[in-house]
């Protein structure tokens, strides 16, 4: 292991290379091959999984990593509310895109999962995957679970989404973008008793759509719970119950209202506003984040680019949570 | 009359026909000709009136029914907040588009009105018209008024709109998209004493723009009344005053802010958010809905499709109100 | 069988229902369930196969049938150059969309193929499938081959495309949108000795990309062959060699230049112009068309709608060829 | 009358006001109120008629003048092929927009026609109207016919269009965007024996769609006539037959292929390319142009702005024809 | 000086010229050359500065004035919340666009500043500049400061923005769109002790980004301060502290969330909603507004036109503040 | 120097990384830092100069390199007409973006020129710059001129453009996107006697716009010269006159018609079609290409992405010319 006392991310010098210049990487982080691990072990690697073969409605999220890399060029490192500079606090890198198998969720989970495990230093580097559809969460979750020492009960989960994504088989396939968390629960990667879902809303197919989640103990805060009822309080209680346990954060952009996030495959009206999302994420400061993903950005339905832009800000907020925990824990 | 004890809407089997497949109908409801009225009399028929010859600014809402049919493919039948499945509670159908006369509001009101009267079983089926510009409301309102037994005082009205739509003649024409409710009041279809307008806001031409409405007793809740003053309380008072009287609901998408509903002919900044709309509509649960329209979606100004999507969710919320009343009244 | 001496397609009366009105069907043809086969057996059925699970680059063609139905509303029935009215010459219908299995080319080929075989009167009705990606051609080709009496040598093929679509396995899958004609040749549905490809152009992966086709006898006319060399003459020779044998026509919209057809998954610059396409198709008058498909329209990349519009005109040109043959042969 | 020996158009000084600056006028010509008629009588006035109440399919051309004014900002005055500077040869002005009556073709023809007659010096100024739908041609044609001394046989016509626009009543209305030339012929404004139509193409409703025109002697050059047959020769013969008689030029942007002119209400594939249009217009050098219009630009369907840009270049080509005639005749 | 007892703005008669007709001016105000200053001295002149040579990321705001003029066509004069008609209370005019030097902020500040000083009656007319990027504020601020009698301490400022715009040199240039208020402070035009900034938010480059402002006494209300803390109260305190001193209002559209204002060069998620902006602006009623600008609208990133529309409503709200002060002070 | 007998470009394995995966580089070439110069000296380096500070109308070309990198992902290495594989014939690399100074053409020419000189092996590697506006050509031209041994008479030039780009000062600046070739001539980098311009067309400001070029001996082939006169023959004569002298090729995308290249800052109707461009470029096979640029792609005006796609194909055609010369000369 190396000296990580002063982790620092090398960002391009904007005096030479304005933010619109250069081969785009996530938030202008260096490519991971350009980071010297002896000097600065990568704390968090952001990488893409350009796969959308698990969708049930509109495809195209395979182009999400591309669009988010571009949109993230104007993301700067200092977080005003948290008063923290993520690039000074953490060593961050873009680990490129994982291999994929466009015709198969399982095969992609397999090759992307293996790839994820090889990123950076498995004993140190944490992983933020950028989709792609929500099925790609499985690969990153699996790699994270291994990096966390394969906890027997599975990882705690914080989940932003319009849909619960615990569906059973669709068109004969168990692996879809609607099922990653059912798979995660069944394969022991997730502890459903410590699983909090924010942003769920209707319309649904049937009242049973949420049954699997509820039966397994998933706690659901609908948009109405957040706005009109006790959703925020329940989130706080959940966070405090965690007691510094590692938490995986999975963020489906469709938790956000189509006004701010039109570019997604199964948009649902009445979602959270960006300000509400940021407030909720910032309320998680102190959480021990062990892995994350941001998924379901579909650039072809995003003519003004606001969805990819928002996704890049969500990545920033997530990394700021990681930085906050690092600062708190040294 | 038929046995309507188990009304049920036959939706396509998504295992065979995914939501992106098939000739598009509103919310994937069956075409009305494919519903056997002996077995399942249609409770609510949704149909288009593709007419925009009454606009004062930007035309194109004649393509609204097309766009909303497409966008509604992902609307599912179960309402999470109301805990009701509209397809299990009601027999629903797409009644196609009405004939129109593109060059004349009056002639269109005439042929569309006659057509509306012929849809389903006039003694049973209720009508939800999809515009088109707001002038099309007249035809549906008229047919509804007849189905309700031509109440002498006219129907009670719940109105979502940025504009009051009680204008006098424009360019020499009495019938425009700005006048349907003046006509409705003058022709006895509407009871202005039981007329509640939500979402009105400026800028206006003059202080007199709202005079006709106020003089006739229309109650106005501007966006600011809803957000900052007693708008919600006054709506509740209005609803409770109705005492189960039949109410016609007319929904102009421009009551919504352009961030969520850019695709409309006379957009007005500072409108309601989707979440506020849903909260207000859900507050009407219990209301005896007798007819409705959703109007002024202009697809050519809706590059991300969010306006048509929102309109399809509003249709769902409206039908959920109908389902709630059905469940309550048996 | 019925009296088909006066086949005629019932189109909506535009005096009542302008072209922008009504649930959209291909070219405003009646839905096949609304055609009385006893009176007018359907000569040609146009139907969608909304599947794009075989693409190698940009997905979204599953929404092709929707977009083409809409764009075709302004297609009228009289062909000026051929001096023929397709609706007076042929009984035409929209047969809806086939079922699909979004995650599998093979499974979709299976269910779509079975569905295709059931459309109309197998001994009489011919099939025009609308994609979807090019993999959907297989199902329609197979059904057509059966309707033609399962000819031992396979069907003659006329192919418009930027790519030859005779690729081997990709990502471990034999069935992709790049392989339908290799499969068709290997399964005996296609006679490669009577297979003419128009519009092929580079860049290619390697010089070997066209090897399979050339080895099996496929005749290729690149765009440059058409414009600068003897492509047109070779097409005429091919047509004359056919001697009234039934021909299947498969049309990938990417044979057209991106200026006129931007909305496709693998666009390639330097393609045919619309006028060239029409001239080439019209040169086929007299050909005994037995089946056809029009594929690879991707609406999300078609902001002005010109690609779907062109596809609808290509459908019209194809049906006009069918009408010409009918008129010639009685 | 004033000294017109040195007609000259005052254009803004781009050293102070770049082409993107300023309230937009057609080609940055001065507003007509800012031209001193004593010094420089306006030779040609360009003005808008923002009306689309006569369309049969997609509305929105009322915004054509706006979009074309903006797009024309980069039109410069020197014509390279004709070697002429229109601003040095002619006094040109933007005469603003005419009044309109949005709900009525007849009423608009009336008020716009009266307005047109009042523009500039009726004994000198010629008129180029910018639509709007094609129905607006009537008003400008009528005013031009009066300015030309009300010629008994009517004016000679050069017509670029995909459609012949000699239809009878539609939805009970004689005045539509499909009928201006039938009205012009019947009202004696047009001499159908000297009427040449370029760009006509199918599909049509019936073989009879062109009957009225042919019966009255209109000469038609379809796109195929221009490209593959003797269209160009026939145009030359027509021009030579005119013998310096005044000619009215009416240009519907839908004569152009949708690749170059997607933004129009009834686009038709297989149209002329921009280069072909320019070649044909330039072949008219020497023609005695007495009036013109450019119509049917629909900005909402023109996401890249190419249609309005092309329309602005067509205006330039038309004014260059006027300049050529001025130079030839002094 | 003239009789200004009945100031009144002449708006076009919409019975003749619908709102979509005519050469576009801001809010359809008359061009300033068409206003008779003897009769109606112009109270407020709105003019464009089409310059974007100071941007650090995405250019294109030079087209802002064009787009806002168009979008403002539907802005009407009566303000519902304030109960005031701006056109009856004030004489308003569009003063066209200022000259610019596209390659230089300084040179543009120079020529635009000189131009601004010449608009209307310097002893009476107040100036609302429409950008362009934020660097254009300097010219208008400077001209306003002179018109206000060159106050020694500088003007009080009310500032809506996502960024503080007090940066030092960028790429070797002191004048950029990020520095107008540093320049204004250093040149004595602005009193930083009476400078209130609303809408500031991260991410920032470093914690020092706000240092210059804070050191000079600028009061900052971040979006979170407005929503979650005491931002509104502090604004009220600031306003009350002003004691009728003249205030310059500068409004960067990027203070608004990208959902409502996507069309801007450096969009930042989590901004104010339109309703919040209006509420804050309306809370300023009574303020002695002496000048204003609205900047950073970038039409090429505004596919639905909502950003330019919002900017036009903000102009209306600003002019309504001016009208309120006029009414209060006579 | 290294063994360059088997130059070869390492492209990503599409079996692992589909063409939509990975940090985008031009045509998926390796980043130059990842090429081992000892083994494979880079023959041609493609790099971006993201600068648009020299434009006279619409800015935004600074985002050209980004968009072209993305669009080029589907460019494959085998050229069908030339029968050559560029990746097997040449060692190709993406050299990232050059530094720029966004506010100054001269400063950018300076830093970009210095950067260009440092790319690869100056004695071996040739340079293809991707703009950015046309002013960026100067830096690449200068570096190429040095690499070619600073030829006294300057380099021969092949120029595709709608404009001649030999303008004098604009807004007081000698360096603009309209002047790179005047500067190149005056600085001795270009031999105007061997300078061939293709695609020039009007409208122009005055007849003098081409005077500088003509006086210095530039040979101009307008679009009409190419299509209707002897343009192609003159190009052949020019090429044959070169006698293997090194030629610099500069390609402004606005030589192409807006139908195929809408996304550019000063589009001009009536340009070349893609097929014509390819035919002309292919006619240059045998030419000794020593450097090149592709400029003026403006992604914000390219909603369907066809302009960036075409630019990527032009890059391919240019590299194929280089490969042809390499094959011919060994």
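Chains as they are written, first to last, in this note's numbering: chain V, 130 to 459; chain R, 130 to 459; chain F, 130 to 459; chain Z, 130 to 459; chain X, 130 to 459; chain Y, 130 to 459. Where is the CB? At the ideal position from N, CA and C, for every residue including glycine.
Kindly identify the DSSP beta-bridge partner or partners of residue 173 of chain X.
Residue pairing for residue 173 of chain X: DSSP places it in a beta bridge opposite X/221 and X/255.
Which ranges would you report for the beta strand (DSSP E) in the region 281-351 of chain F if only whole runs of at least 3 residues count?
284-289, 319-329 and 348-351, all fully within the region 281-351 of chain F.
With respect to 8 angstroms, is the separation between the Cβ of residue 154 of chain F and the closest non-hydrogen atom of the ligand ZN below this value?
As far as ligands go, the structure on display features none, and thus does not contain the ligand ZN.
Give the residues from the region 191-203 of chain X that approach chain Y closer than 8 angstroms (Cβ to any Cβ), ordered along the chain.
Under the 8 angstroms Cβ criterion, the region 191-203 of chain X contributes 191 and 192.
Would you identify the three-state DSSP class for residue 244 of chain Y, choosing helix, strand or coil?
Here DSSP, grouped into helix, strand and coil, assigns residue 244 of chain Y to helix.
Determine, using beta-carbon pairs with one atom in the region 385-397 of chain Y and one in the region 293-302 of chain Y, whether at least three such pairs fall under 8 angstroms.
The region 385-397 of chain Y makes no contact with the region 293-302 of chain Y; the number of CB pairs closer than 8 angstroms stays below 3.
Would you kindly work out how many angstroms separate the C-alpha atoms of residue 412 of chain V and residue 328 of chain X, rounded to a whole number?
The alpha-carbon separation between residue 412 of chain V and residue 328 of chain X amounts to approximately 20 angstroms.
Assuming residue 184 of chain F and residue 394 of chain F form a contact by the criterion Cβ under 8 angstroms, report the distance between their Cβ atoms to the nearest whole angstrom.
Indeed, because the Cβ distance is near 5 angstroms, the residues count as touching under 8 angstroms.
Contacts that residue 336 of chain Z makes with chain F (C-beta to C-beta distance below 8 angstroms):
In chain order: 207, 212 and 214.
Taking residue 238 of chain V as the reference, give the member of V/423, V/218 and V/181 with the closest Cα.
Of the candidates V/423, V/218 and V/181, V/181 places its Cα closest to the Cα of residue 238 of chain V.
Which residue from Y/278, Y/354, Y/308 and Y/258 puts its Cα closest to that of residue 264 of chain Y?
The residue from Y/278, Y/354, Y/308 and Y/258 with its alpha-carbon nearest to that of residue 264 of chain Y is Y/308.
If the criterion is Cβ atoms closer than 9 angstroms, does the pair residue 193 of chain Y and residue 425 of chain Y meet it?
For the 9 angstroms CB-CB criterion, residue 193 of chain Y and residue 425 of chain Y form a contact.
Near residue 153 of chain X, which residues of its chain fall below 7 angstroms by C-beta distance, leaving aside the five closest residues on each side in sequence?
Hits under 7 angstroms: 198, 199 and 202.
At a cut of 8 angstroms, does the region 263-278 of chain F reach the region 302-320 of chain F through at least three beta carbon pairs?
Yes, they touch.
Contact set between residue 148 of chain X and chain R, taken where Cβ atoms lie within less than 8 angstroms:
Within chain R, the residues near residue 148 of chain X are 185 and 186.
Listing by chain order, which chain Z residues have their CB less than 7 angstroms from the CB of residue 429 of chain R?
In chain order: 189, 429 and 430.
Under a three-way DSSP split, which group does residue 377 of chain X fall into?
In the three-state scheme derived from DSSP, where H, G and I count as helix and E and B as strand, residue 377 of chain X is classed as strand.
Would residue 421 of chain Y and residue 378 of chain Y be called neighbours here (beta carbons separated by less than 9 angstroms)?
Contact: yes.
Beta carbon proximity, residue 236 of chain Z to chain R, threshold 9 angstroms:
Taking 9 angstroms as the threshold, the shortest C-beta distance from residue 236 of chain Z to chain R falls below it.
Which residues, in chain order, does the region 314-336 of chain R contribute to contact with chain X at a C-beta distance below 9 angstroms?
The region 314-336 of chain R vs chain X, Cβ under 9 angstroms: 329, 330, 331, 332, 333, 334, 335 and 336.
Output yes if chain F places a C-beta closer than 9 angstroms to the C-beta of residue 134 of chain V; else output no.
Low confidence applies here, because residue 134 of chain V scores a pLDDT of 48, under 50, leaving its location unreliable and the question unanswered by this model.
Is DSSP giving residue 211 of chain V helix, strand or coil here?
In the structure shown, residue 211 of chain V sits in coil (DSSP, three-state: anything other than H, G, I, E or B).
Buried or exposed by the 16-neighbour rule on C-beta atoms within 10 Å, applied to residue 451 of chain V
Buried is the label assigned to residue 451 of chain V, since at least 16 other Cβ atoms lie within 10 Å of its Cβ.
Extent of the continuous beta strand (DSSP E) run through residue 418 of chain F
Residue 418 of chain F -> beta strand (DSSP E) spans 417-424.
Just to make sure I have the definition right: I need the residues of chain Y whose C-beta is within less than 8 angstroms of the C-beta of residue 226 of chain V. Which are they?
Proximity of chain Y to residue 226 of chain V at the Cβ level (cut-off 8 angstroms) is accounted for by 146, 150, 151 and 152, in chain order.
If you run the structure through DSSP and keep just helix, strand and coil, what is residue 260 of chain Y?
Three-state DSSP puts residue 260 of chain Y in a strand.
By a C-beta neighbour count over all protein chains shown, 10 Å radius and 16 as the cutoff for buried, is residue 214 of chain R buried or exposed?
Per the 10 Å Cβ criterion, buried.
Going by C-alpha distance, which of R/382, R/404 and R/399 is nearest residue 190 of chain R?
Among R/382, R/404 and R/399, the Cα nearest to that of residue 190 of chain R is on R/382.
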